[in-house]
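Q: Below you will find the structure I want to go over with you.
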Amino acid sequence: MEYRSIPVIWALIELISIISVVFLWLAIYRGQDIVGNYSFKQMLLYYALVPLIGSITDVYVTSSLPKMIKDGRISADLLKPYSLSLVHFLKSTSIKLAQQILKVPIFLAFILFIFFYFQISLDLKNVAIALFFSLFAYVLNFLMDLCLSFAAFWMDEVWSLKHLKFVTQMVFGGMAFPLDILPKTLKNIFNFQPMRFLYYFPIKIASSGESILQITVGFIEVLLWIGFFGILAAFLWKRGIRKYGAYGN
Amino acid sequence: MKRYLKIYKNLIKFAAIQETTYRVSFFLEIFVELAYIAVSILLVKVVFWNIKEVAGWNFNMVLVLSGVNIFFIESLLGLVLFLI
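The listed protein sequences correspond, in order, to chains H and F.
Letter 28 of the first sequence, counting from 1, is numbered 28 in the numbering used here, and no numbers are missing.
Quick note, the numbering used here runs 1000 ahead of the 1-based positions in the second sequence.
Structural data, given as structure tokens:
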């Protein structure tokens, strides 16, 4: 909360990019009523929910931890009786909570405006389930980010990791477009990867696009992926710390 | 003039050496750049998988527009940033 303007500016940047996407889809829907099983209102609802769900599931460990590993700044932490991963998880969570106070009112105002202007309604029960699911997606995203950050033990320069993650999240997470407008073959492939739980799946729950069975299966899948990335992160940490060296820190 | 050109030549040489010092990172950077381009093409393709044209623009026309946009952002902006 020290630099209050930064999260507000980021929230505004996100909104501006979403507004430009809305204009693009307005042009697309001028010629037809349905695009890939989505009406204009459904598409609008999807993009309106992207920043809200993203404000819960987004993680930025790759912005700091790889550089800390490279600069040898984790040496002091290694001597202390706590887990570095847990410290970063708590740090990331507390930053997120502080940012939510500033970001969420902006997103909610935007969503409410869209809903009233285009007369869109949402089932609050589904929204609650989606928000609850997003908490699990946040843990999953944190663990994926952690695994990517640990690559810094074997790499010389690490800034590209952050960008690589952003690109994959944009496409595979459903941040850029709903994954179910893809052709069937691609859709089936995309259904077998964990990033879809970061945006696409929670948004589908909120917009009543998933059945109880699909939500239950989604919960089981996300827990399995959390387990997988948890084990992978522990393995990478164990191997990486053996390779780690810092001098003069 | 000749002297300045020589300085610029050396600056380009040193920048290239600096960029390629860490080989894995260098190739990863190239991969990330290519991924950005692939994503922007995929975004266009996703739209045109579902419809034939947008406001009179077909896939090929939008692809050319995206290509020009990528060229201007990647090349010219990069050059401007390099010069300043």
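Idealized CB from N, CA, C, for every residue including glycine.
Taking Cβ-Cβ distances below 7 Å as the criterion, which residues of the region 1024-1037 of chain F are in contact with chain H?
A: Those would be Val1024, Ser1025, Leu1028, Glu1029, Val1032, Ala1035, Tyr1036, in chain order.
Q: Hey, quick one: how far does the alpha helix (DSSP H) through Gln1018(F) stretch, first residue to last?
A: First-last of the alpha helix (DSSP H) with Gln1018(F): 1002-1020.
Q: Decide if Tyr99(H) is buried, meaning its Cβ has at least 16 other Cβ atoms within 10 Å, or exposed.
A: At residue 99(H) the sequence reads Gln, which differs from the Tyr that was named. Per the 10 Å Cβ criterion, buried.
Q: Per DSSP, what are the beta-bridge partners of Val1054(F) in this structure?
A: In DSSP, Val1054(F) forms a bridge with Trp1057(F).
Q: Applying the 10 Å Cβ sphere with the 16-neighbour rule, what's the burial state of Ser160(H)?
A: Buried is the call here.
Q: Does the beta carbon of Val1068(F) sit closer than 8 Å to a beta carbon anywhere in chain H?
A: It does not; no Cβ of chain H falls within 8 Å.
Q: Could you tell me the distance, in whole angstroms, from the CA atom of Tyr47(H) to the CA atom of Gly218(H)?
A: Approximately 21 Å between the Cα atoms of the pair.
Q: In terms of alpha-carbon separation, which member of Ile19(H), Ile18(H), Phe228(H), Thr57(H) lies closest to Gln169(H)?
A: Ranking the options by Cα distance to Gln169(H), first place goes to Thr57(H).
Q: For the region 128-147 of chain H against the region 1016-1024 of chain F, do three or more pairs of beta-carbon atoms, one drawn from each stretch, fall closer than 8 Å, so that the two count as touching?
A: No, they do not touch.
Q: Beta carbons nearer than 7 Å to chain F: which residues of the region 156-176 of chain H have them?
A: Of all residues in the region 156-176 of chain H, Asp156, Glu157, Ser160, His163, Leu164, Val167, Met170, Val171, Ala176 have a Cβ within less than 7 Å of some Cβ in chain F.
Q: Could you name the residues of chain H that Asn1010(F) contacts, counting a contact when the two beta carbons are closer than 8 Å?
A: Within 8 Å Cβ-Cβ: nothing; Asn1010(F) doesn't reach chain H, min ~23 Å.
Q: Note down the Cα distance separating Leu143(H) from Gly209(H), rounded to an integer number of angstroms.
A: Distance between the alpha carbons of Leu143(H) and Gly209(H): 27 Å.
Q: Excluding five sequence neighbours on each side, which residues of the same chain lie with their C-beta closer than 7 Å to the C-beta of Leu232(H)?
A: Closer than 7 Å at the Cβ level, and outside the excluded window around Leu232(H), lie Cys147.
Q: Where does Ser1040(F) fall in DSSP's three states?
A: It is helical.
Q: Just to confirm, is the Cβ distance from Thr62(H) to Lys187(H) under 8 Å?
A: No, these two residues do not count as a Cβ contact at 8 Å.
Q: If I'm right that Asn1050(F) touches Gly173(H) with Cβ under 8 Å, what's the distance once you round it to whole angstroms?
A: With 8 Å as the limit, Asn1050(F) and Gly173(H) do not qualify as a contact, their Cβ atoms being about 20 Å apart.
Q: Put Val35(H) into one of helix, strand or coil per three-state DSSP.
A: It is a strand residue.
Q: If contacts are defined as beta-carbon pairs under 8 Å, then Tyr38(H) and Pro178(H) qualify, I think. What distance do you get, rounded to the angstrom?
A: About 7 Å; that satisfies the 8 Å criterion.
Q: What are the residues of the region 1038-1050 of chain F that lie near chain A, defined by any Cβ-Cβ distance shorter than 7 Å?
A: In the structure shown, chain A cannot be found, because the protein chains are H and F.
Q: Would you please verify whether the beta carbon of Ala1016(F) is less than 8 Å from any beta carbon of chain H?
A: No, Ala1016(F) does not count as interfacial toward chain H.
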